[in-house]
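Novice: Below is the structure I would like to discuss, written out as structure tokens.
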Amino acid sequence: MVNKIALTARAPAEEAPPGPARKRRARGRPKGASAGQVRERLLRAARELFLRYGYRAVSSRQIGAAAGVNFAMVRYYFGGKPGLYREILQGVLPAPIAGALQMGGSPPKLADILSNITRVWAANPWIAGFVLREVLVPGGPMRSMFLREFPERLAPLVERAVRAEIERGALRSDLDPKLLVLSVVSLAVFPFLGFPLTSRVFGVSNDEEFVTRFLRHTQALLACGVAPGGWAG
Numbered sequence: 032m033v034n035k036i037a038l039t040a041r042a043p044a045e046e047a048p049p050g051p052a053r054k055r056r057a058r059g060r061p062k063g064a065s066a067g068q069v070r071e072r073l074l075r076a077a078r079e080l081f082l083r084y085g086y087r088a089v090s091s092r093q094i095g096a097a098a099g100v101n102f103a104m105v106r107y108y109f110g111g112k113p114g115l116y117r118e119i120l121q122g123v124l125p126a127p128i129a130g131a132l133q134m135g136g137s138p139p140k141l142a143d144i145l146s147n148i149t150r151v152w153a154a155n156p157w158i159a160g161f162v163l164r165e166v167l168v169p170g171g172p173m174r175s176m177f178l179r180e181f182p183e184r185l186a187p188l189v190e191r192a193v194r195a196e197i198e199r200g201a202l203r204s205d206l207d208p209k210l211l212v213l214s215v216v217s218l219a220v221f222p223f224l225g226f227p228l229t230s231r232v233f234g235v236s237n238d239e240e241f242v243t244r245f246l247r248h249t250q251a252l253l254a255c256g257v258a259p260g261g262w263a264g
């Protein structure tokens, strides 16, 4: 079951990220915690703090305090706050897409890419908050990193998938691959990126029933428009 979406609004001006605890903490990992546990604590704490307060307002010290570990672990495991953010972004890529990006193998089918992107945004509602707050606003602090980790890596993969399906006759040969990539991403992302509006106007809900119904609709819509012999404007 997909968690219900909850896009967090900008924190009030007087609210600030919680400061680190004043008591002295032993350096290094908490006793008994494995490296994997420490990394997961830091990722979880950073994701929550970044979403609530914004990337710039949160320090490594505050992330460490929220995770219950020494803030030096942020640099030790991730090379610093930017590396921690990058790890958060990379962690949401579904295995088939991540594997195709790393190994350069055969691209997934277009319908599977549409499904994967849709489910990533549905299962990770915090992405929409990050994009709205840190990427789309003028001077967004994480725009360049987000572009490197998502659009600039995914767009060539989707375009390669489109060209492969055109070559084997599964898609119309008159389609513009780049515009088709834009169409696929728009279909998958917009309901969740614009959730405050789409939920009220179109009844969008971030649960498994809606996601399944929406995917059935978008995949059928895509198939009718791109299949050989389909509508051509």
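For what it's worth, this note's numbering labels the leading residue of the sequence shown as 32, then goes sequentially.
Don't be surprised by glycine CBs; every beta carbon is placed ideally from N, CA and C.
Treat the numbers as computed from the prediction; the structure is a model and nothing was measured.
Which stretch, first to last residue, makes up the alpha helix (DSSP H) that contains Val232?
Specialist: Your numbering for residue 232 matches position 201 in the sequence shown. Where Val232 is concerned, the enclosing alpha helix (DSSP H) stretches over 226-232.
Novice: Quick check: the region 69-81 against the region 97-107, are there 3 or more CB pairs under 8 Å?
Specialist: yes
Novice: Measuring alpha carbon to alpha carbon, tell me which residue in Leu228, Leu178, Leu218, Arg231 is nearest Arg117.
Specialist: Taking the sequence shown and counting its residues from 1, one reaches residue 117 at position 86. The shortest C-alpha separation from Arg117 is found at Leu178.
Novice: Name the residue from Leu145, Trp157, Val151 whose alpha carbon lies nearest to the alpha carbon of Leu74.
Specialist: As a working mapping, residue 74 is identified with position 43 in the sequence shown. The shortest C-alpha separation from Leu74 is found at Trp157.
Novice: Measuring CA to CA, which of Lys140, Val242, Arg164 is closest to Ala195?
Specialist: Indexing the sequence shown from 1 puts residue 195 at position 164. Checking every option, the nearest Cα to that of Ala195 belongs to Lys140.
Novice: Please state whether the Cβ-Cβ distance between Val220 and Val193 is less than 8 Å.
Specialist: To locate residue 220, count along the sequence shown from 1; it is residue 189. To locate residue 193, count along the sequence shown from 1; it is residue 162. It is not a contact, given that the beta carbons lie outside the stated cut-off.
Novice: Express the C-alpha separation of Phe226 and Glu240 in angstroms, rounding to a whole number.
Specialist: One-based indexing of the sequence shown puts residue 240 at position 209. One-based indexing of the sequence shown puts residue 226 at position 195. Glu240 and Phe226: Cα-Cα distance of roughly 16 Å.
Novice: Report buried or exposed for Phe233, applying the criterion of at least 16 other Cβ atoms within 10 angstroms of its Cβ.
Specialist: Locating residue 233 in the sequence shown gives position 202, counting from the first residue. The residue is exposed, with fewer than 16 neighbouring Cβ atoms inside 10 Å.
Novice: Give every residue of the same chain whose Cβ lies closer than 8 Å to the Cβ of Ala52, excluding the five residues on either side of it in the sequence, and list them in chain order.
Specialist: Against the sequence shown, residue 52 aligns to sequence position 21. With a pLDDT of only 49 at Ala52, under the threshold of 50, the placement of this residue in the model should not be trusted; the figure read from the coordinates follows. Ala96.
Novice: Report yes if the CB atom of Ala186 is closer than 8 Å to the CB atom of Val242, and no otherwise.
Specialist: Walking along the sequence shown from the start, residue 186 turns up at place 155. Walking along the sequence shown from the start, residue 242 turns up at place 211. No.
Novice: When burial is assigned at 16 or more other CB atoms within 10 Å of the CB, is Lys209 buried or exposed?
Specialist: Counted from its first residue, the sequence shown places residue 209 at position 178. Flag for Lys209 reads exposed.
Novice: I need the straight-line Cα distance from Gly286 to Leu206, nearest angstrom please.
Specialist: The structure shown does not extend to residue 286, since the chain is modelled only from 32 through 264, so no value can be given for it.
Novice: Can the beta-carbon of Glu180 be found less than 8 Å from the beta-carbon of Gly85?
Specialist: For the purposes of this step, residue 180 is taken as the residue at position 149 of the sequence shown. For the purposes of this step, residue 85 is taken as the residue at position 54 of the sequence shown. No, the Cβ-Cβ distance between Glu180 and Gly85 is not below 8 Å.
Novice: Go ahead and pull the three-state DSSP assignment for Ala258.
Specialist: As a working note, residue 258 is residue 227 in the sequence shown. If DSSP states are grouped into helix, strand and coil, Ala258 belongs with coil.
Novice: Classify Gly111 as helix, strand or coil using the three-state DSSP reduction.
Specialist: Position 80 of the sequence shown, counted from the start, is the residue given in the question as residue 111. Three-state result, Gly111: coil.
Novice: Along the chain, where does the alpha helix (DSSP H) containing Gly67 start, and where does it finish?
Specialist: Here residue 67 corresponds to residue number 36 of the sequence shown, with the count starting at 1. It spans 66-84 - the alpha helix (DSSP H) in which Gly67 sits, taken as one unbroken run.
Novice: Can you look up Ala266 in the DSSP assignment and give me helix, strand or coil?
Specialist: Since the first and last residues shown for the chain are 32 and 264, residue 266 lies out of range.
Novice: Would DSSP call Asp207 helix, strand or coil?
Specialist: Taking the first residue of the sequence shown as 1, we reach residue 207 at position 176. Of the three classes helix, strand and coil, the one that applies to Asp207 here is coil, per DSSP.
Novice: Quick check on the DSSP output: the alpha helix (DSSP H) that includes Leu141 runs from which residue to which?
Specialist: As a first step, residue 141 must be located in the sequence shown, where it is residue number 110. Its alpha helix (DSSP H) spans residues 141-154.
Novice: Write down the C-beta distance between Val105 and Ser91 rounded to the nearest angstrom, noting that I regard them as a contact closer than 8 Å.
Specialist: As a working mapping, residue 105 is identified with position 74 in the sequence shown. As a working mapping, residue 91 is identified with position 60 in the sequence shown. Yes, Val105 and Ser91 are in contact; Cβ-Cβ is about 4 Å, under 8 Å.
Novice: Contact defined as beta carbons within less than 8 Å: I believe Val257 pairs with Leu202. What is the distance between those atoms, to the nearest angstrom?
Specialist: In the sequence shown, counting from the first residue as 1, residue 257 sits at position 226. In the sequence shown, counting from the first residue as 1, residue 202 sits at position 171. For a cut-off of 8 Å, the C-beta gap from Val257 to Leu202 is around 5 Å, short enough to register as a contact.
Novice: Sorted by chain position, which residues of the same chain lie with C-beta nearer than 7 Å to Ser230's C-beta, five sequence neighbours on each side aside?
Specialist: Indexing the sequence shown from 1 puts residue 230 at position 199. The residues are Ser236.
Novice: Residues in its own chain within less than 7 Å of Leu224 by CB, not counting five upstream and five downstream?
Specialist: As a position in the sequence shown, residue 224 is number 193, starting the count at 1. Closer than 7 Å at Cβ, skipping near neighbours: Ala159, Val162.
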